[in-house]
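If you want our numbering, it's the 1-based position in the sequence shown plus 2. For each residue, glycine too, the CB sits at the ideal point set by N, CA and C. All values derive from a computational prediction rather than experimental measurement. Heads up, the thing below is written out as structure tokens.
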Amino acid sequence: MDALQAEKAGVGGIGGNAEEKYRALAYDTALSTLVAVAVYVVVKVSLDGIRQWRARISVLIVGSGPVGLTAALVAVRSGKVLKLTVLDERYRTALLCRPQQIALDPRSVKFLLGLGVDFDNMEGCWHNEHFFTRIGVFQEYLLSILEQKKQKVEVKVQLGTKFTEEYLRRIPHNDWPRVIVVADGSCGDSCSVLGISCDYTVESCHAFGANATIERLDQRQVPTPEIRAHSLYFDLSAYGMEALREHRHPPTKPGFHLKIYGTFRNRYMALICPSSDTKMVRFLRHTANSSIMKNIFHQSFNAYKTDIEPRLNDVTLHHMQCSRRLFEIQLSHRRISAAYIEGDNVAVTVEGEAARVLNFDTGFLSYLSSRMWGKFRYAWSGVNGDVYLPNSDRCGPE
Numbered sequence: 003m004d005a006l007q008a009e010k011a012g013v014g015g016i017g018g019n020a021e022e023k024y025r026a027l028a029y030d031t032a033l034s035t036l037v038a039v040a041v042y043v044v045v046k047v048s049l050d051g052i053r054q055w056r057a058r059i060s061v062l063i064v065g066s067g068p069v070g071l072t073a074a075l076v077a078v079r080s081g082k083v084l085k086l087t088v089l090d091e092r093y094r095t096a097l098l099c100r101p102q103q104i105a106l107d108p109r110s111v112k113f114l115l116g117l118g119v120d121f122d123n124m125e126g127c128w129h130n131e132h133f134f135t136r137i138g139v140f141q142e143y144l145l146s147i148l149e150q151k152k153q154k155v156e157v158k159v160q161l162g163t164k165f166t167e168e169y170l171r172r173i174p175h176n177d178w179p180r181v182i183v184v185a186d187g188s189c190g191d192s193c194s195v196l197g198i199s200c201d202y203t204v205e206s207c208h209a210f211g212a213n214a215t216i217e218r219l220d221q222r223q224v225p226t227p228e229i230r231a232h233s234l235y236f237d238l239s240a241y242g243m244e245a246l247r248e249h250r251h252p253p254t255k256p257g258f259h260l261k262i263y264g265t266f267r268n269r270y271m272a273l274i275c276p277s278s279d280t281k282m283v284r285f286l287r288h289t290a291n292s293s294i295m296k297n298i299f300h301q302s303f304n305a306y307k308t309d310i311e312p313r314l315n316d317v318t319l320h321h322m323q324c325s326r327r328l329f330e331i332q333l334s335h336r337r338i339s340a341a342y343i344e345g346d347n348v349a350v351t352v353e354g355e356a357a358r359v360l361n362f363d364t365g366f367l368s369y370l371s372s373r374m375w376g377k378f379r380y381a382w383s384g385v386n387g388d389v390y391l392p393n394s395d396r397c398g399p400e
């Protein structure tokens, strides 16, 4: 009996030891698995971080206008830029004292909000979901944002420095930018420095127009909403032309459209009409009397101005500059707006009025949109070894 109990106790001891060994083995296996997973995660995160850090590139933006500075903001917020340089031959004073006013449409406003632009902290005014501000105020605000980004990205703003072949030669080859954004305006010559063709394609907008500007030093430099008037007709009988009877049939003879914009000190006017062969359009296109257009702008301004600003009189009229006659409105766009310099592994994209320009001032800044981010994305893929596909979309005037 005692022997049987001893045998059972031995079997129970063996079973208990086996269970303890199984538990220990399971614990060691689980612990090893957790350690392996943790090591894998740490290594993967580290390698991804190193890969992302190595994938960050240097970007050079030529031009610190609204388009150039917006491109700079897109670059620093992308997380893909290690070093950003903004270049402009104008000094800060000349850059920020520009009197022109710009209007941002709802699409541009939405795009800028996504980039962190706080319109509540920018001088300007709202009207019909459009934001109006002086171009110098807009540029100064974007420059201040870039200053704040210096903690995360190496940002260098070089004002008073012209983009030339000599400037490129002074850059060590290892420090060459991998993306160059040319946004130096319609009169810039940076594309020729990079060997990009200066050929343009000119397209008609099927409209005629004229512009006028007046500076009144006694008025305030305050942004104001634009004023629009439509279906205007003019009596030019005082200039030897009979009062037109064509306006009695408005469905077949469209009238003129007027826009007044800018600050009270620097007022701008744009007059436009659809392309047609009416008697009035022919007369205003070919007249040699420059006072006709000046008188049209004079009378139109006094008729549609705001109630709180003074009328134009014979004295202030001398400060007005305007088109001598109606001209055809045309859009010129560069045939080549993107390039890849294979030997130096540099992607080049041309933006803003450096790529497309209208010979008619509308007061709108219409090229701030997601297309800009799309072209950056293509450029980054190109310099990182993928296929470079330049975006061929054109953004027409609004």
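Hey, out of the options, whose CA is closest to residue i's CA?
i: Cys99; options: Arg180, Asn268 and Leu62; result: Asn268
i: Asp220; options: Ile298, Pro312 and Asn213; result: Pro312
i: Asp107; options: His129, Gly242 and Asp122; result: His129
i: Gln301; options: Ile343, Asp316, Ser146 and Ala357; result: Asp316
i: Gly67; options: Gly190, Val181 and Arg326; result: Gly190
i: Val350; options: Gly118, Val111, Ile198 and Lys164; result: Ile198
i: Ser188; options: Leu148, Ala356 and Ala40; result: Ala356
i: Met322; options: Asn347, Tyr235 and Arg218; result: Arg218
i: Val183; options: Val76, Tyr24, Gly242 and Glu125; result: Val76
i: Lys85; options: Val139, Thr31, Pro179 and Leu314; result: Pro179
i: Phe366; options: Ser239, Ile104 and His320; result: Ile104
i: Gly345; options: Gln223, His288, Leu33 and Leu196; result: Leu196
i: Thr166; options: Lys158, Gly65 and Phe121; result: Gly65
i: Glu228; options: Val139, Phe134 and Val204; result: Phe134
i: His208; options: Glu330, Asn347 and Ala74; result: Glu330
i: Met271; options: Leu238, Ser277 and Tyr263; result: Tyr263
i: Glu91; options: Phe140, Asn123 and Asp186; result: Asp186
i: Leu319; options: Asp309, Lys296, Thr308 and Ile310; result: Lys296
i: Lys281; options: Gly242, Ile310 and Thr308; result: Gly242
Taking C-beta to C-beta, are residue i and residue j nearer than 9 Å?
i: Gly70; j: Ile63; result: yes
i: Ser206; j: Gln102; result: no
i: Tyr169; j: Leu89; result: yes
i: Cys193; j: Val61; result: no
i: Asn361; j: Ser334; result: yes
i: Ala212; j: Ser293; result: no
i: Val409; j: Lys154; result: Residue numbering for the chain in the displayed model covers 3 to 400; residue 409 lies beyond these limits and cannot be assessed.
i: Leu328; j: Leu286; result: yes
i: Phe258; j: Ile274; result: yes
i: Ile147; j: Gly126; result: no
i: Ala73; j: Val157; result: no
i: Gly162; j: Arg94; result: yes
i: Val348; j: Val181; result: yes
With 16 other CB atoms within 10 Å as the buried threshold, where does residue i fall?
i: Lys261; result: buried
i: Lys82; result: buried
i: Asn304; result: exposed
i: Pro225; result: buried
i: Gly116; result: exposed
i: Leu36; result: exposed
i: Glu131; result: exposed
i: Val39; result: exposed
i: Ala20; result: exposed
i: Asp30; result: exposed
i: Leu27; result: exposed
i: Leu238; result: buried
i: Thr364; result: buried
i: Leu314; result: buried
i: Ala341; result: buried
i: Ala32; result: exposed
Just to check my reading of the structure: residue i and residue j have Cβ atoms closer than 8 Å, yes? What is that Cβ distance to the nearest angstrom?
i: Thr87; j: Gln150; result: The Cβ separation is near 17 Å, so there is no contact.
i: Arg136; j: Thr215; result: Actually they are not in contact, since the Cβ atoms of Arg136 and Thr215 sit about 15 Å apart, beyond 8 Å.
i: Arg337; j: Asp201; result: 5 Å
i: Leu97; j: Gln141; result: 6 Å
i: Val283; j: Phe236; result: Incorrect: roughly 11 Å between the Cβ atoms, too far for contact.
i: Tyr306; j: Ala231; result: 5 Å
i: Met124; j: Val111; result: Actually they are not in contact, since the Cβ atoms of Met124 and Val111 sit about 11 Å apart, beyond 8 Å.
Run through the DSSP bridge pairs and tell me what residue i is partnered with.
i: Trp128; result: Phe133
i: Arg327; result: According to DSSP, Arg327 bridges with nothing at all.
i: Tyr342; result: Ala349
i: Met271; result: Ala214 and Ile262
i: Glu156; result: Lys85
i: His335; result: Thr203 and Arg358
i: Arg230; result: Lys261
i: Ala1; result: What is shown of the chain runs 3 to 400, which leaves residue 1 out entirely.
i: Pro276; result: Ala209
i: Leu238; result: Paired residues: none, contrary to the question.
i: Ser2; result: Absent from the structure is residue 2, since the part of the chain shown begins at 3 and ends at 400.
i: Val184; result: Val64 and Val352
For residue i and chain D, any beta-carbon pair shorter than 9 Å?
i: Gly264; result: Looking at the structure shown, chain D is missing, and only one protein chain is on hand.
Should residue i be counted as a contact of the ligand HEM given a C-beta to heavy atom distance under 8 Å?
i: Ala28; result: Ligands in the displayed structure: none, and consequently the ligand HEM is not present.
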